[in-house]
Amino acid sequence: MENSLFSSVNSLPDDPILSLTGQFLADPRPCKVNLGVGMYMDENGQTPVLEVVREAKEALAKQSLAHTYIPQTGLPQYDRLVQKLIFGAESDVVQSGRAVTVQTLGGTGAIKLGVDLMHSACGLSTGSASIPTWGNHNDILKLAGYRVQGYRYYNAQSHWLDFEAMCEDLKSLPERALVILHACCHNPTGYDLNHDQWLEVINICRKHKLVPFLDMAYQGFKDGLQEDAHAVRLFANAGLDFLVASSFSKSFNLYGERVGALTVVTHSSDEAQRITSHLKICARANYSNPPAFGARIVEFVLSDPERFAHWEAEVAGMRDRIKRMRQLLVNEMEKIGAKRDFSFVTEQAGMFSFTGLSPEQIARLATDYGIYAVKNGRICVCGLNERNVSYVARAFADVM
Numbered sequence: 001m002e003n004s005l006f007s008s009v010n011s012l013p014d015d016p017i018l019s020l021t022g023q024f025l026a027d028p029r030p031c032k033v034n035l036g037v038g039m040y041m042d043e044n045g046q047t048p049v050l051e052v053v054r055e056a057k058e059a060l061a062k063q064s065l066a067h068t069y070i071p072q073t074g075l076p077q078y079d080r081l082v083q084k085l086i087f088g089a090e091s092d093v094v095q096s097g098r099a100v101t102v103q104t105l106g107g108t109g110a111i112k113l114g115v116d117l118m119h120s121a122c123g124l125s126t127g128s129a130s131i132p133t134w135g136n137h138n139d140i141l142k143l144a145g146y147r148v149q150g151y152r153y154y155n156a157q158s159h160w161l162d163f164e165a166m167c168e169d170l171k172s173l174p175e176r177a178l179v180i181l182h183a184c185c186h187n188p189t190g191y192d193l194n195h196d197q198w199l200e201v202i203n204i205c206r207k208h209k210l211v212p213f214l215d216m217a218y219q220g221f222k223d224g225l226q227e228d229a230h231a232v233r234l235f236a237n238a239g240l241d242f243l244v245a246s247s248f249s250k251s252f253n254l255y256g257e258r259v260g261a262l263t264v265v266t267h268s269s270d271e272a273q274r275i276t277s278h279l280k281i282c283a284r285a286n287y288s289n290p291p292a293f294g295a296r297i298v299e300f301v302l303s304d305p306e307r308f309a310h311w312e313a314e315v316a317g318m319r320d321r322i323k324r325m326r327q328l329l330v331n332e333m334e335k336i337g338a339k340r341d342f343s344f345v346t347e348q349a350g351m352f353s354f355t356g357l358s359p360e361q362i363a364r365l366a367t368d369y370g371i372y373a374v375k376n377g378r379i380c381v382c383g384l385n386e387r388n389v390s391y392v393a394r395a396f397a398d399v400m
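Every letter in the sequence shown is one number past the one before it in full-length UniProt numbering, and letter 41, counting from 1, is 41.
Structure, rendered in structure tokens:
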């Protein structure tokens, strides 16, 4: 029998994060807890439909919109509103027309489109992301043909940023390396750079001719919608060419609608127009046209001040619940008398916490307690609630 074309193809391991959901669902224990997949969950363990999203869906349903293709670059008003959200309506970037924003398939699609653009249009061949980072960053870079050279970010011994090492590694990158930076709520560590550190990174990028690519998947989940855009606005004010990936999966709870955006900041409106022509080709080759429904929801909300304020309040509610769960976990660990000080958890921001638990300890959590987390020790704090946080704390203390 003739060998199949695919006979030599080996199976690859499942995604280490997404596969946790299957393990969790298959676990019959009623006490099980899913701290793996990064989705917001409320006190009842559900991902709620925001009130303002429900209002938008009802309004859109009444419009009887045709299911035709939208432009390759997305809904034009959506693109403009995203720019205003991340830079501020009065920003020179917005007013001068030197930035182009295109709708993408979530934040992942924005990263993919940006990586493809810089490789095909500008010839970039080296990509860099933090160690550790969201695993998909490196996979996207590799599949696009980049040589990946990471930069250190986190010190496991101190449970803190290793900024000195980060700067050292950034300075060692070749010129025109594409550097992925987490704009806020670093995934997986939860540790962000402060104002002065961002300024130092900007100086390094300028001096060493690096190309910054800011991934902003969690705008609003640290301090607020405006506050969390601080790093992006610092880069804009610095006059550098750079990219921004935005996602509305988390802030609108629109995970399945794949609503994101890529923004490329250039030096002039003429450059922005030329980059737009390349983005259209990249989009065409990847998915042709983005989906309309989720973007229409976001557009409906961002275009009206009253609805925007309602959304901002709902994001604040999600943010406050996450912060409360962090504090409750720390309180429970102290109450139990855990061997390790867990107070660092409250110093982290966003949906994730880097616990410092080893792969062996994470495996024990799943086997002994039905608590599922990523092997590197990352937990999604949103999976905690007032009913399970004490159980989780006792399990953590037991496996340490």
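Cβ atoms here follow ideal geometry from the backbone N, Cα and C, with glycine treated the same way.
Alpha-carbon to alpha-carbon, His182 and Asp223 = Taking the sequence shown and counting its residues from 1, the one referred to as residue 223 is at position 223. Taking the sequence shown and counting its residues from 1, the one referred to as residue 182 is at position 182. Distance between the alpha carbons of Asp223 and His182: 15 Å.
ask   = Helix, strand or coil: which one does DSSP assign to Val9?
value = As a position in the sequence shown, residue 9 is number 9, starting the count at 1. Val9 sits in coil when the DSSP states are folded into three classes, being neither helix nor strand.
ask   = Excluding sequence positions up to five away, which residues of its chain have a Cβ less than 7 Å from the Cβ of Ser96?
value = For the purposes of this step, residue 96 is taken as the residue at position 96 of the sequence shown. So the list reads Ser269, once near-sequence residues are dropped.
key: Inter-residue spacing [alpha-carbon to alpha-carbon] between Glu175 and Ile275   = Counted from its first residue, the sequence shown places residue 175 at position 175. Counted from its first residue, the sequence shown places residue 275 at position 275. Between the C-alpha atoms of Glu175 and Ile275 there is a straight-line separation of about 21 Å.
query = Below 8 Å, can you find three or more Cβ-Cβ pairs linking the stretch 58-66 to the stretch 287-307?
reply = Short answer: they touch.
8 Å contact criterion, which Leu75 and Tyr287 should meet: CB distance rounded = In the sequence shown, counting from the first residue as 1, residue 75 sits at position 75. In the sequence shown, counting from the first residue as 1, residue 287 sits at position 287. No, Leu75 and Tyr287 are not in contact; Cβ-Cβ is about 15 Å, not under 8 Å.
query = Tell me the DSSP bridge mates of Phe242?
reply = For the purposes of this step, residue 242 is taken as the residue at position 242 of the sequence shown. Note: Phe242 sits in a beta bridge opposite Val265.
inquiry  = Per the DSSP calculation, Cys380 is bridged to which residue(s)?
reply    = To locate residue 380, count along the sequence shown from 1; it is residue 380. Paired residues: Phe352.
query = Ser120 to Leu141, Cα distance in whole Å?
reply = On the sequence shown, position 120 is the one that residue 120 refers to. On the sequence shown, position 141 is the one that residue 141 refers to. Looking at the backbone, the Cα of Ser120 and that of Leu141 are separated by about 13 Å.
inquiry  = Alpha carbons only, please: which of Arg80, Met118, Asp116 and Phe396 is nearest the one belonging to Val102?
reply    = Within the sequence shown, numbered from 1, the residue matching residue 102 stands at position 102. Among Arg80, Met118, Asp116 and Phe396, the Cα nearest to that of Val102 belongs to Arg80.
ask   = Looking at the unbroken beta strand (DSSP E) that takes in Gly109, where does it start and where does it end?
value = Within the sequence shown, the letter at position 109 stands for residue 109. Here Gly109 belongs to no beta strand (DSSP E); instead the alpha helix (DSSP H) covers Gly106 to Ser120.
inquiry  = Can you tell me whether residue 401 is buried or exposed? The criterion is at least 16 other CB atoms within 10 Å of its CB, across all chains shown.
reply    = This structure does not reach residue 401, given that the chain is present from 1 up to 400, and the question cannot be answered.
inquiry  = I'd like to know whether the C-beta atoms of Leu170 and Ile204 end up nearer to each other than 7 Å.
reply    = As a first step, residue 170 must be located in the sequence shown, where it is residue number 170. As a first step, residue 204 must be located in the sequence shown, where it is residue number 204. Yes; because the gap between Cβ atoms is below 7 Å, this pair is in contact.
message = To test your reading of the DSSP string, which unbroken beta strand (DSSP E) runs of 3 or more residues are found completely within the stretch 139-198?
response = The stretch 139-198 contains these whole beta strand (DSSP E) runs: 178-182.
request  = On the DSSP bridge assignment, give the partners of Val33 in chain order.
outcome  = Within the sequence shown, the letter at position 33 stands for residue 33. Listed as beta-bridge partners of Val33 by DSSP are Ile371.
ask   = Roughly how far, in whole angstroms, is the beta-carbon of Cys282 from the beta-carbon of Asp116, given that I think they are within contact range, below 8 Å?
value = Here residue 282 refers to the residue found at position 282 of the sequence shown. Here residue 116 refers to the residue found at position 116 of the sequence shown. Cβ atoms of Cys282 and Asp116 come within 8 Å of each other, at about 5 Å.
message = What does the alpha-carbon distance come out to for the pair Ser64 and Ala110?
response = Counting from 1 along the sequence shown, the entry for residue 64 is found at position 64. Counting from 1 along the sequence shown, the entry for residue 110 is found at position 110. So the two alpha carbons sit approximately 29 Å from each other.
Assumed close pair Ala66, Ser128 - CB separation to whole angstroms, cut-off 8 Å = Taking the first residue of the sequence shown as position 1, residue 66 is located at position 66. Taking the first residue of the sequence shown as position 1, residue 128 is located at position 128. With 8 Å as the limit, Ala66 and Ser128 do not qualify as a contact, their Cβ atoms being about 44 Å apart.
task = Would you give the residue range spanned by the beta strand (DSSP E) that Gly127 belongs to?
result = Numbered from 1 along the sequence shown, position 127 holds the residue referred to as residue 127. Taken as a continuous stretch (DSSP letters only), the beta strand (DSSP E) holding Gly127 covers Thr126 to Ser128.
query = Assuming Tyr146 and Met166 make a contact with CB atoms under 8 Å, what is their CB distance in whole Å?
reply = The residue you call residue 146 lines up with position 146 of the sequence shown. The residue you call residue 166 lines up with position 166 of the sequence shown. Wrong, their Cβ atoms sit about 19 Å apart, outside the cutoff.
inquiry  = Do Ala393 and Leu35 have their beta-carbon atoms positioned less than 7 Å apart in this structure?
reply    = As a working mapping, residue 35 is identified with position 35 in the sequence shown. As a working mapping, residue 393 is identified with position 393 in the sequence shown. The answer is no: Cβ separation not under 7 Å.
key: Expected contact under 8 Å - CB spacing of Phe248 and Leu254 to nearest Å   = Taking the first residue of the sequence shown as 1, we reach residue 248 at position 248. Taking the first residue of the sequence shown as 1, we reach residue 254 at position 254. Correct: roughly 6 Å between the Cβ atoms.
query = Counting contacts by CB-CB distance shorter than 7 Å, is Gln23 in contact with chain D?
reply = Structure shown: chain D not included; a single protein chain is present.
ask   = On the three-state DSSP scale, how would you describe Ile70?
value = As a working note, residue 70 is residue 70 in the sequence shown. When DSSP states are grouped into helix, strand and coil, Ile70 belongs to the coil group.
query = Closest to Phe252 by CA distance: which of Thr108, Met318, Thr68 and His137 is it?
reply = Numbered from 1 along the sequence shown, position 252 holds the residue referred to as residue 252. Checking every option, the nearest Cα to that of Phe252 belongs to Met318.
request  = Go through its chain and collect everything with a Cβ distance to Ala366's Cβ below 6 Å, but skip five positions before and after it.
outcome  = Reading the sequence shown from its first residue, position 366 is the one you call residue 366. For Ala366, where only same-chain residues beyond five positions count, the Cβ hits under 6 Å are Tyr372.
message = Run through the DSSP bridge pairs and tell me what Ala99 is partnered with.
response = Position 99 of the sequence shown, counting from 1, holds the residue named residue 99. Paired residue(s): Val265.
task = Report all residues from its chain with a CB closer than 8 Å to the CB of residue 465; omit the five preceding and five following residues, and keep chain order.
result = With the chain covering only 1 through 400, there is no way to say anything about residue 465.
query = Given Gln77, which residues of its chain have a CB within under 7 Å of its CB, disregarding the five upstream and five downstream residues?
reply = Sequence index remark: in the sequence shown, residue 77 carries index 77 (1-based). Here the set comprises Glu299 and Ser303.
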